[in-house]
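Residue numbers (the UniProt record's numbering): 1 to 643.
Note that the Cβ used here is the ideal one computed from N, Cα and C, for glycine as well.
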Ligand SMILES: O=C(CO)[C@@H](O)[C@H](O)[C@H](O)[C@H](O)COP(=O)(O)O
Ligand SMILES: [Zn+2]
């Protein structure tokens, strides 16, 4: 059977990739991971917020992968910083979709903190475990962005809650792992470090000449590439400032791919950067080419001699991988995932962010050195193919999911074991009790029958589970057990009158609640039946002391050592077990055996020493038939075994 899982990616939809525009890393992550998992035999539903009114709800995205649009908030693009208030609706609608379609997910993989909130609530409601990839952590973001961070203030607290409730947390790199432990107190055993990946069918080496011809870039110049979302934290200004400091013997260009839209003229951040280049006097060397379709990116990577990425911080950073996959070495910030994916001196260099001097120095060193560029390019391809394809990522994710599944199965297996041994223990206790107590049970039953015949009554009491048994026994006697249409027998459960019990417990003390009633209802010759698993409950002891004072006969149902009660019972049925549950189960059986004896002795001797249980049952049924009134007019049996 296929293993069904759900992804939640509230703001980053894989459908956005189909339009060709270069969306953020999370869109790629969700799409590529789902596709690879589907290839491995999973069925993946990706739940994302509807941001187009006309799209249908369920979209076949790839074989085994569906994208399900959830309407939560306006069906238009909303900045992710403003999406949190729509998450309760998202959760409700997603839950409705799951229930209506009878979907049984093995687990939910949430992406980003808001999806984590949804997954956490669904875990509670539907009992589905969840895995979280945060993609970025609010605390780290606000450390770097300060005032510029527009996410709601509760983000970090919500992330902490998600960390606490998640079954596994995916860290994207060792830095992410240590941040989760240090700032979020994540339990290290819950964290699995699995990097992001690249798709070797989309990103592969293409001859530089070909790429440059395609993009109209000069063949005889050095080309340096900056590519990615155009936001402050990506440090694009650092790249421009560094480029202005580069001194080479040959001409060079800086190509900048990215922008908030394909409208290069009216993009605010882009204009700020353009002005910077202008002020530094290098505008003619810097090509702002705007946003590009994903399938064009490989030509930009391939055309460049070096790829630069110097963000202030970076949870992972997929672009360095893509560049290396295309055979272009990377100079990147010594932060987050980049310091893990770029191998210093082998596939590129690491520099401090916000340090244009250091970056310029590295460019001055590397750009003129064709041999080193070639070698690093070759190393880059080998390195990323060995460690970072989406297929490898999916294999690691599969192992993580399996660990959760196995743990669930462990719990289920442990339960099955527990059930098996509880039955074994019960069977053993039944047999042992039969061997040790049969004669005493018979004496207890006949004593009760005798007392009832003589016009006396039975008072019964116990605490907790035994209180229920006390009422159970009385119900069988006052009502009927197996003999239909017999008269009711006088028995009172001292557990039944709430007004008496609460008044006496409240005004005088709990220990006297039964004794008071024994004093009020009991008479000489009556029987007091006490049930206690420990034999040490004070109210039981006091009840027997009072009963003895009144000349009553005390019968105990006990267990374990029998406790203090042993000293007060005229007849003690001590179940040979130390387990409270088994003792209670046997007490119930004793209740039924006593009822059988009492009924048979008082109303009809249905069996002899040779009668088997089966014969007795038939005999009772026969009597039932003989008493034709036991059949209602409509022919339905009134029942003679209910108890
Ligand atoms: O049913 C159970 C345990 O299985 C409990 O309600 C249990 O009866 C209560 O703890 C009683 O208070 C125990 O009292 P006792 O059997 O020791 O006299
Ligand atoms: Zn119980």
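If the five residues before and after residue 86 are omitted, its C-beta is found closer than 6 Å to the C-beta atoms of 72 and 73, all from its own chain and listed in chain order.
Of 35, 4, 1 and 486, the smallest CA-CA separation from residue 14 is found for 35. Rounded to whole angstroms, the gap between the alpha carbons of residue 420 and residue 464 is 26 Å.
Annotation for residue 548: 554 and 568 place their beta carbon closer than 8 Å to its own, counting only its chain and skipping 5 residues before and after. At a Cβ-Cβ threshold of 8 Å, residue 43 and residue 64 count as neighbours. When secondary structure is reduced to three states using DSSP, residue 250 falls in the coil class, being assigned neither helix nor strand.
Relative to the non-hydrogen atoms of ligand 1, the Cβ of residue 509 never comes closer than 7 Å to any of them.
Of the other Cβ atoms in all chains shown, 16 or more fall within 10 Å of the Cβ of residue 179; this residue is therefore buried.
Within the model, the alpha-carbon separation for residue 479 versus residue 433 is close to 28 Å.
Setting aside the 5 residues that flank it on each side, residue 108 is surrounded in the same chain by 5, 6, 7, 8, 119, 122, 123, 128, 129, 130 and 131, each with a C-beta closer than 8 Å to its C-beta; the list follows chain order. The alpha helix (DSSP H) runs of length 4 or more contained entirely in the region 108-175 are, from start to end of the chain, 113-126, 138-145 and 155-165.
One Cα belongs to residue 283, the other to residue 100, and the distance between them is close to 58 Å. Secondary structure note for residue 314: it is in no alpha helix (DSSP H), with a DSSP letter that is neither H nor E. With a cutoff of 8 Å on beta-carbon distance, residue 330 and residue 309 are scored as near each other. Excluding the 5 residues flanking it on each side, residue 500 has same chain C-beta neighbours closer than 7 Å at 517, in chain order. The alpha-carbon of residue 560 is positioned some 5 Å away from that of residue 578. Taking each of 426, 400 and 600 in turn and checking the Cα distance to residue 192, the smallest one comes out for 400.
It is roughly 7 Å from the alpha-carbon of residue 228 to the alpha-carbon of residue 257. The beta carbon of residue 456 sits closer than 6 Å to the beta carbons of 525 and 526 from its chain, once the five residues preceding and following it are set aside; these are given in chain order. Excluding its 5 nearest sequence neighbours in each direction, residue 339 has C-beta neighbours in its own chain below 6 Å: 350, listed in chain order. In the displayed model, residue 43 falls within a strand according to three-state DSSP. The nearest non-hydrogen atom of ligand 1 is 7 Å or more from the C-beta of residue 389. Per the DSSP secondary-structure output, residue 403 pairs with nothing in a beta bridge. Beta-bridge annotation (DSSP): residue 530 is paired with 461 and 556. In this chain, the beta strand (DSSP E) harbouring residue 70 covers 65-70. Runs of the beta strand (DSSP E) spanning 3 or more residues and lying entirely within the region 193-277 occur at 222-227 and 252-257, in chain order. When DSSP states are grouped into helix, strand and coil, residue 456 belongs to the coil group. Counting C-beta pairs closer than 8 Å gives fewer than three between the region 210-218 and the region 410-419, which falls short of the contact rule. By the Cβ-count criterion, residue 402 is exposed, with fewer than 16 other Cβ atoms from all chains shown falling within 10 Å of its own Cβ.
If one requires a minimum length of 4 residues, the alpha helix (DSSP H) runs lying completely within the region 555-606 are 580-603, in chain order. Residue state for residue 9 is assigned as strand, using DSSP reduced to three classes.
Only residues of its own chain outside the window of five on either side were considered, and among them 8, 116, 119, 130 and 132 have a CB closer than 6 Å to the CB of residue 110, listed in chain order.
A distance of 8 Å or more separates the beta carbons of residue 348 and residue 326. Taking a cut-off of 8 Å on C-beta distances, the region 424-433 does not touch the region 145-163, as fewer than three cross pairs fall below it. With contacts defined by Cβ atoms closer than 8 Å, residue 275 and residue 297 do not form a contacting pair. In the assembly as shown, residue 10 is a buried residue. Its beta-carbon has 16 or more other beta-carbons within 10 Å.
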